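**Student:**
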């Protein structure tokens, strides 16, 4: 993967350049300081070798002065030892400083031209930076990773590993879910990095189907004809999905039981659409029974087809939509019975 290698090298330069520049400056300073070659006293101001000069000023005597610069010589103004520069350290320091400064200038030029740091990171480094997507920095890396998958810039092992991590995190209820992981899975689904079976698992974990009595039935539990409204309402909760996830639910009510009675409604399939995370409801055709004192709940059996986002096929054939087929049975309370 030449592109991934180039991005890795560029990122390495961006990370190491300041370190190399700092290391080069430190080595240059140590080389310039040099190694001590003797124990001669030296003037701290001008570096003159004071061997053979007047002794230091003592109590009641005139102060000695440096023969070179005229500085008054005290214990503080004298340092010990001549030093010889370390040429090896000087060369190494200059070399590292040039390399580091070049890297800093290259990265600075890229930033000045509007290049985002995440855009020049290799995919594996973006995945590492994304972590679990809990902090702003992790979310930023995750969004950049998704954009790269959407553009089709990377289909290598790191991109595939990103899909696996997203699916693993979705399956862990102990990890707070970030919708950006769902967007990454959607991008992988469109880019064929996620297969149909994996996408079905994504739908199964991310979408919850439940049923309750119609809100309208709660307002008027008993009609003027004396019948009890038990109309079911399907609730679709898209929880661990992405902002770009599109879920279509097709519903057919197969049977509804209340007390000793059961009916099979004659109705066509009804369909609803849920976009992104949230909760939507679908009210089915009205169902009414004669109230029974001993009955306090209804049981409804459905046939459901849950479909995810449509994936366009590159060969021009019919688009692919992963689908879950379910036959759930729900029980829900019916207040106001037996009037």
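Numbering (this note's numbering), first residue to last: 7 to 345. Cβ coordinates follow ideal geometry from the N, Cα and C atoms, glycine included. If you're wondering where the values come from, they're calculated on a predicted model, not measured in any experiment.
Looking at the ligand HEM, does it come within less than 7 Å of residue 45, judged from the CB to the closest heavy atom?
**Tutor:** What this structure holds is no ligand at all, so the ligand HEM is not there to describe.
**Student:** Taking 8 Å as the cut-off, does the stretch 263-272 touch the stretch 289-307 (at least 3 CB pairs, one atom from each stretch)?
**Tutor:** yes
**Student:** Near residue 286, which residues of its chain fall below 7 Å by C-beta distance, leaving aside the five closest residues on each side in sequence?
**Tutor:** The residue you call residue 286 lines up with position 280 of the chain shown. For residue 286, where only same-chain residues beyond five positions count, the Cβ hits under 7 Å are 242, 278 and 280.
**Student:** Compute the Euclidean distance between the alpha carbons of residue 130 and residue 84, then round it to the nearest angstrom.
**Tutor:** As a working note, residue 130 is residue 124 in the chain shown. As a working note, residue 84 is residue 78 in the chain shown. For residue 130 and residue 84, the distance between alpha carbons rounds to 57 Å.
**Student:** Less than 8 Å between the C-beta atoms of residue 271 and residue 308, yes or no?
**Tutor:** Locating residue 271 in the chain shown gives position 265, where the first residue counts as 1. Locating residue 308 in the chain shown gives position 302, where the first residue counts as 1. Taking 8 Å as the Cβ cut-off, residue 271 and residue 308 do not qualify as a contacting pair.
**Student:** Are the beta-carbon atoms belonging to residue 190 and residue 138 less than 8 Å from one another?
**Tutor:** Here residue 190 is taken as the residue at index 184 of the chain shown, counted from 1. Here residue 138 is taken as the residue at index 132 of the chain shown, counted from 1. Not closer than 8 Å, so no.
**Student:** Thinking C-beta only, is residue 186 closer than 8 Å to residue 155?
**Tutor:** Translated into the one-based positions of the chain shown, residue 155 becomes position 149. Translated into the one-based positions of the chain shown, residue 186 becomes position 180. For residue 155 and residue 186, no; Cβs fall outside 8 Å.
**Student:** Mark residue 341 as exposed unless 16 or more other C-beta atoms lie within 10 angstroms of its C-beta, in which case mark it buried.
**Tutor:** In the chain shown, the residue the question calls residue 341 occupies position 335. Exposed, since its Cβ has fewer than 16 Cβ neighbours within 10 Å.
**Student:** Confirm, please, whether the CB-CB distance from residue 88 to residue 25 is below 8 Å.
**Tutor:** The residue given as residue 25 occupies position 19 in the chain shown. The residue given as residue 88 occupies position 82 in the chain shown. No, Cβ-Cβ distance for residue 25 and residue 88 is not below 8 Å.
**Student:** In chain order, what residues of the same chain have a beta carbon less than 7 Å from the beta carbon of residue 218, not counting five sequence neighbours either side?
**Tutor:** The sequence position of residue 218 within the chain shown is 212, counting from 1. Here the set comprises 239, 241 and 338.
**Student:** Taking only runs that begin and end inside the stretch 167-228, name each unbroken alpha helix (DSSP H) of 4 or more residues, in chain order.
**Tutor:** 185-196, 202-212 and 221-225
**Student:** Could you give the DSSP three-state label for residue 56: helix, strand or coil?
**Tutor:** Numbered from its first residue, the chain shown carries residue 56 at position 50. Coil.
**Student:** Which of the three DSSP states is assigned to residue 299 in this structure?
**Tutor:** Translated into the one-based positions of the chain shown, residue 299 becomes position 293. Reduced to three states, the DSSP call for residue 299 is coil.
**Student:** Using DSSP with H/G/I as helix, E/B as strand and the rest coil, what is residue 312?
**Tutor:** Translated into positions along the chain shown, residue 312 becomes position 306. In this structure, residue 312 counts as strand in the three-state DSSP scheme.
**Student:** Buried or exposed for residue 128, going by 16 or more other Cβ atoms inside 10 Å?
**Tutor:** Translated into the one-based positions of the chain shown, residue 128 becomes position 122. The residue is buried, with at least 16 neighbouring Cβ atoms inside 10 Å.
**Student:** Cutting at 7 Å between CB atoms, please list the residues of its own chain near residue 177, excluding the five before and the five after it.
**Tutor:** Translated into positions along the chain shown, residue 177 becomes position 171. For residue 177, where only same-chain residues beyond five positions count, the Cβ hits under 7 Å are 211.
**Student:** For the beta strand (DSSP E) containing residue 240, name the first residue and the last one.
**Tutor:** Looking up residue 240 in the chain shown gives position 234. 238-244 is the extent of the beta strand (DSSP E) around residue 240.
**Student:** Using the rule of at least 16 other Cβ atoms within 10 Å of the residue's Cβ for burial, across every protein chain shown, is residue 235 buried or exposed?
**Tutor:** Within the chain shown, the letter at position 229 stands for residue 235. Buried, by the Cβ-count rule.
**Student:** Can you give the Cα-Cα distance for residue 166 and residue 329, rounded to whole angstroms?
**Tutor:** Counted from its first residue, the chain shown places residue 166 at position 160. Counted from its first residue, the chain shown places residue 329 at position 323. C-alpha separation (whole angstroms): 22 Å.
**Student:** Given this structure, state the Cα-to-Cα distance separating residue 64 from residue 92, to the nearest angstrom.
**Tutor:** As a first step, residue 64 is located in the chain shown; it is residue number 58 there, counting from the start. As a first step, residue 92 is located in the chain shown; it is residue number 86 there, counting from the start. Low local confidence applies: a pLDDT of 47 at residue 64 is under 50, so the model's placement there is unreliable, with the coordinate-based value given in what follows. So the two alpha carbons sit approximately 37 Å from each other.
**Student:** Report yes if the C-beta distance between residue 111 and residue 33 is below 8 Å; otherwise report no.
**Tutor:** Numbered from its first residue, the chain shown carries residue 111 at position 105. Numbered from its first residue, the chain shown carries residue 33 at position 27. Cβ distance not < 8 Å, so residue 111 and residue 33 don't count as in contact.
**Student:** What span of residues does the alpha helix (DSSP H) with residue 76 cover, start to end?
**Tutor:** Sequence index remark: in the chain shown, residue 76 carries index 70 (1-based). From DSSP, residue 76 is part of no alpha helix (DSSP H); its letter is neither H nor E.
**Student:** Give me the Cα-Cα distance between residue 237 and residue 201, rounded to the nearest whole angstrom.
**Tutor:** Here residue 237 refers to the residue found at position 231 of the chain shown. Here residue 201 refers to the residue found at position 195 of the chain shown. Their backbone Cα atoms lie some 38 Å apart in a straight line.
**Student:** Please report the distance separating the alpha-carbon of residue 316 from that of residue 205.
**Tutor:** As a first step, residue 316 must be located in the chain shown, where it is residue number 310. As a first step, residue 205 must be located in the chain shown, where it is residue number 199. Taking the straight line from one Cα to the other gives about 11 Å.
**Student:** Excluding the 5 residues preceding and the 5 following residue 184 in the sequence, name in chain order all residues of the same chain whose CB lies nearer than 6 Å to its CB.
**Tutor:** As a working mapping, residue 184 is identified with position 178 in the chain shown. Cβ neighbours of residue 184 beyond the five flanking positions: 139.
**Student:** Using the C-alpha atoms, what's the distance from residue 57 back to residue 86?
**Tutor:** The residue labelled residue 86 in the question sits at position 80 within the chain shown. The residue labelled residue 57 in the question sits at position 51 within the chain shown. Roughly 11 Å between the two C-alpha positions.
**Student:** Mark residue 160 as exposed unless 16 or more other C-beta atoms lie within 10 angstroms of its C-beta, in which case mark it buried.
**Tutor:** For this step, residue 160 is matched to residue 154 along the chain shown. A residue is called buried once 16 or more other Cβ atoms fall within 10 Å of its Cβ, and residue 160 is buried on that count.
**Student:** For the alpha helix (DSSP H) containing residue 285, name the first residue and the last one.
**Tutor:** Position 279 of the chain shown, counting from 1, holds the residue named residue 285. Careful: residue 285 lies outside any alpha helix (DSSP H), inside the beta strand (DSSP E) at 284-289.
**Student:** In chain order, what residues of the same chain lie with their CB nearer than 6 Å to the CB of residue 349, ignoring the 5 residues before and after it?
**Tutor:** The structure shown does not extend to residue 349, since the chain is modelled only from 7 to 345, so the question has no answer here.
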